[in-house]
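Chains as they are written, first to last, in my numbering: chain A, 1 to 343; chain B, 1001 to 1343; chain C, 2001 to 2324; chain D, 3001 to 3324.
Reviewing the structure listed below.
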Ligand SMILES: Cc1ncc(C[n+]2csc(CCOP(=O)(O)OP(=O)(O)O)c2C)c(N)n1
Ligand SMILES: Cc1ncc(C[n+]2csc(CCOP(=O)(O)OP(=O)(O)O)c2C)c(N)n1
Ligand SMILES: [Mg+2]
Ligand SMILES: [Mg+2]
């Protein structure tokens, strides 16, 4: 097993909070749900049942799970095209997500958004955004609204390492810091911007943390493959933002197990880089950690089975779901339900 | 006379190079040209002879002059809407600039660009850009071309404190640093973004220097009202960029004597802030410095008179210049000289 | 009734809505303490405080992102983008995010927000500060697009825009800020998606928008003296487009002219011409004619700029040539 | 002759120009080591090295700024913006800087550069990765705009674009990347500003662009079986627009249809309709009819997307209804 330092992770864990037994199982279940759902989605993509594109978080589950377990019902998630995990982690059921990936009428957005735009306002998932950068500024807006309306809601915005190089990142961070907005920016540094290693296109080694000081913020680096650590970091960040002390910019170090999108086999990554990270699989290591701590393996197996059933049911229901009604095409451009551009 | 520290300037001058006598007079003449030209432009604006808008560098002249005196003929200037000074400082004659401000046919761009877009490719002034941010990325392009073509040209890009908060700033700095481009970014921190104090909208006290580390660059802060200091800083920066060591991000602290643009009386600035800066007028202090060093006042007066004559001549010639030919309207959209969008 | 400038109408319109509804907020560059670069938002900060009237950094993407995120979580933001030319630096937020989010989320997210911006030429500001960009917005499904030509319309349409549940692009014309008009006292609320017939004539119909409306009306006066009686329609709203009023006016006269400040290609006039020919072909006496800025960036010199944007003379000459 | 995909034609076209002229350089995201997200630029890095084929960060403004600055100082850059939807994040560089600089500087600055981008729908990528945005570019004076429909045209028009002294927006259609066509061997150089008549018929003229061209041709076959003989013109270049070919084709048949993948408002078809009615009114037998995507963002589901973009059936039905 590679040590954290081998992977460039922080040497001493900084966020080791006590996690109660119930939360531990919740974290485990959440990661298991993300993992199983996405593996199935990948299979269905290869079967051409999932249409268009799909970006998986395999290997990065601890981040979404930790925040999912830490956020309150009123808090908001802003995700990217790689948003299955963050949507599931807020408690959205699998069936409508799977149906959306298959473009069916029972999909989370009735087939109008697709894999890259998962949204469930009911669960605080305020959208998944497919153009790099914009959603950091939008998350600010939600946080600003919480501040103006005097609620204690927090906006959490997930994005990748590559996203730190686009202009909107800079504008969003500066405004959030200047206005002291209750927003947590979570950079999932999976080392790659699509097919290009992040280091080759970025002026600093830590694309997010090394920019924190440019906004008067503290650099925060977390081992994003360690669910306990991530959970502690999420707790701290949410507390900070909720208490009115302004934004947090967190860099969670992690790794994509698979390709960037669709069926990308990710052959461009050297084996020496991939293998140690696969060994630090967040789900496998967390399971081992729980077992080591004395959690009954039977309990974990039961969770595994429940999750598998959930995935199977979601798959079946999505496969059997009807195509969307064609009248949807000209619906809901406007709040009156229509798309009329003329009288 | 306020001390540098009163104004938040660096405590110990860092760029005190030896300046030879000829260069000293060149710097003086350059600042005098900028000052007299712009004061005249302001008068002509009040007389409605200068049309549209105009943004003056009164009080900021040492920066443009220092770079003008330090750049080589092949080097490139990228300026903003506040670009009279940078254009003049590269040796462009006053008459075509004045004519451009008056919208005349003999103008630098025959009246097609106006005050905000002064360009003289012949003098290496590759344009003045009126939308915040873009020209930092364009300066990169020129620097990239120098690098690819194996010349030792340097691109120098001037912009304001407020500009550090727009996305293009961030993209430009990251690319310049990653590609080690020969470009010098000069932030003229005049403390104000139009009518808003920069501190109220920026997350760090030094809008440029406090961001340098986000691009792996050294912070460089200069007293922009001290021509000797600025000259040294310009020399160092150009040498650094020319030697292949990558970009420089320089923050020159200064102050606008007048309003943001047009006839703005700048009443929104507190007298306690304005007055000490006016006392540190770069032209007045530099003149005093030269006299103290033993430069004959007669020599300086002769320069003043020559410059005044140049301004008078430019004014006369611009006033008497013809309106632009109306056929220009449909000329030069394309390189073939035409504007045809169809056959 | 009060005589007031278009500029003052902007401030009054915003104040009316800030006053009425606590969820309305206003943000932009130099809008608060400075009262706006066009002095169109003076007094609002003093009256409503820095929480509801927020000065921002030069970060147009962050401004619109803030507006969008706030709109989806209970506020009704008005965002100012100082010059419409700067829409280009935040076009992703507008065209890809704000315009598409309701649709992509199958109606889960509503975005009641207004983007106000200073549009158009005539002030010798040159090619990067003078564009007429209402057509950029018209081309993007999911945006409502308004461009008032009078102080009264500024207030009424702004109120309608703020109260509308969808994103509205509100194009104020910089060349009209100092123009005065009579404005009724008390609350004014107009209706989006409605054109106004400003003048009735029998011979031809001239469609105009924003600063082209007063020019079209002046041209109509000149034409009347020459025996040509024109209907002049102020289009006001590009999306939704009041095709009922437009088609009716054109059908009555049989001859259509559009007066567009934008460079020619893909202007709103082209769209309307295509609708008109498709729908009332048989009512037309001749080809619809577009009067536009030539397809060039705007030059800055006063002489050049005046000869570039459609003028009263150009309108008159074009109409006479066709009608005689 | 070689049978090759539209995708491979892109790489061949770029290689042809990199080979020919040392001042040509190519930059963009994931274009080098990865060979492009659409696998359309494979092999170029290996052949021409990292100085001339440069992978960039996700910084579209920096990409286009680099292209612009390089173009004004002696290089001829080809910049890739991966999906045309992302033009919105760098629209300022395109619409305000690249398009206007020659004009504003009275011709002092030339910008020989090409912006290639993956455009259009049909791949179930949803509203933010499927737009047909050629009209955005068409509306901005100072940009040339090209959209090829065949592999041969990809190479020839790309070469023409690279050799052109002005900025050219080059819209590749994502839905065509896997389409195959015969391509002559050796150097291919086409001419900007030229449309191509792909089929001659006597009854009506159908104008189409990019992915709509094969659909229009299929529709013409179906229509021919029903006794309607259509001319099909591949517009290819929106700016400059080959009005000579277009007006000639429409005048011969008297009836015009446009097939546009863009949402309706302000599409290129509207512009052409307005030109056609102004200039050859008397040659028209009836109103020009536009077939477009409805004015909505694109839905992602396959069923919905297929029913949104103009299909062969929709073209056939519309033409038959009008012609019969
Ligand atoms: C403005 C913009 N440019 C480019 C893209 C194409 N693109 C999609 S994902 C991606 C890489 C993003 O990398 P990163 O931010 O590290 O996130 P990850 O995919 O690794 O989660 C790119 C370049 C885009 N969607 N938007
Ligand atoms: C994208 C964009 N936003 C806003 C403006 C309007 N504007 C012109 S100058 C200016 C202030 C710039 O401040 P700073 O960068 O400090 O430069 P200074 O004017 O002080 O030299 C603003 C907001 C603009 N030109 N472009
Ligand atoms: Mg990544
Ligand atoms: Mg400033």
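For every residue, glycine included, the Cβ atom is placed at its ideal position computed from N, Cα and C.
Bear in mind the structure is a predicted one, so any value in this text is a computation, not a measurement.
Contact of residue 2314(C) with chain D is not assigned, every C-beta pair being separated by 8 angstroms or more. Distance check between residue 1161(B) and each of 1133(B), 1187(B), 1282(B) and 1280(B) places 1187(B) closest, using alpha-carbon atoms only.
At least one CB of chain C lies nearer than 8 angstroms to the CB of residue 3100(D). Annotation for residue 3036(D) indicates a beta carbon at 7 angstroms or more from all heavy atoms of ligand 1. By the C-beta criterion, the region 3302-3322 of chain D is judged not to be in contact with the region 2301-2313 of chain C, since fewer than 3 inter-stretch pairs fall below 8 angstroms.
Residue 1291(B) is classed as exposed because its beta carbon has fewer than 16 other beta carbons within 10 Å across all chains shown.
Proximity of the region 1096-1111 of chain B to the region 1193-1212 of chain B falls short of the contact definition, fewer than three beta-carbon pairs being nearer than 8 angstroms.
In this structure, residue 238(A) keeps its C-beta atom at 8 angstroms or more from the C-beta atom of residue 220(A). The C-beta of residue 47(A) has fewer than 16 other C-beta atoms within 10 Å across all chains shown, which makes the residue exposed. In the DSSP assignment, residue 3103(D) falls outside any beta strand (DSSP E) and lies within the alpha helix (DSSP H) extending over 3101-3104. If you check the C-beta of residue 2091(C) against ligand 2, you find no heavy atom less than 7 angstroms away. In the three-state scheme derived from DSSP, where H, G and I count as helix and E and B as strand, residue 2230(C) is classed as strand. Ranked by Cα distance from residue 3266(D), the first of 2270(C), 2263(C) and 2096(C) is 2270(C). When the Cα atoms are used, residue 326(A) and residue 2079(C) turn out to be separated by approximately 35 angstroms. Along the region 1063-1095 of chain B, the beta strand (DSSP E) occurs as fully enclosed runs of 3 or more residues at 1076-1080, listed in sequence order. Boundaries for residue 3172(D): no alpha helix (DSSP H) harbours it, while the beta strand (DSSP E) harbouring it runs 3168-3173, taken from the DSSP string.
In the three-state scheme derived from DSSP, where H, G and I count as helix and E and B as strand, residue 2091(C) is classed as helix.
Separation of residue 246(A) and residue 2233(C) (C-alpha to C-alpha, rounded to the nearest whole angstrom) is 51 angstroms. Counting along the chain, residue 2115(C) sits inside the beta strand (DSSP E) bounded by residues 2114-2119. For residue 3092(D), same chain residues with a beta-carbon under 8 angstroms away, outside a window of 5 residues either side, are 3061 in chain order.
Take residue 1095(B), set aside five residues on each side of it, and the residues of its chain with a beta-carbon closer than 8 angstroms to its own are 1106, 1313, 1314, 1317 and 1318, in chain order.
Rounded to the nearest whole angstrom, the C-alpha separation of residue 1147(B) and residue 3214(D) is 44 angstroms. For residue 48(A), there is no enclosing alpha helix (DSSP H), as DSSP marks it with neither H nor E. Looking from the CA of residue 3057(D), the closest CA among 293(A), 276(A), 204(A) and 339(A) belongs to 204(A). Residues of the region 1315-1343 of chain B with a C-beta atom less than 7 angstroms from some C-beta of chain C are 1323, 1324, 1326, 1328, 1329, 1330, 1333, 1339 and 1341, listed in chain order. Taking the CA atoms as reference points, residue 42(A) sits about 8 angstroms from residue 262(A). Excluding its 5 nearest sequence neighbours in each direction, residue 1001(B) has C-beta neighbours in its own chain below 6 angstroms: 1279, listed in chain order. For residue 2266(C), the nearest CB of chain D lies under 8 angstroms from its own CB, placing it at the interface with that chain.
Distance from the C-beta of residue 174(A) to the nearest heavy atom of ligand 2 is not below 7 angstroms. Taking a beta-carbon distance threshold of 8 angstroms, residue 2019(C) does not count as an interface residue toward chain D. Near chain A, meaning a CB-to-CB distance below 8 angstroms, no residue of the region 3269-3287 of chain D qualifies.
Under the three-state reduction of DSSP output, residue 1327(B) falls in the helix class. DSSP places residue 251(A) in no alpha helix (DSSP H) but in the uninterrupted beta strand (DSSP E) bounded by 248-253. Nearest in C-alpha terms to residue 3315(D), of all of 3198(D), 3050(D) and 3291(D), is 3291(D). Secondary structure note for residue 2006(C): its alpha helix (DSSP H) is the uninterrupted segment 2006-2020. For residue 189(A), DSSP records a beta bridge to 253(A).
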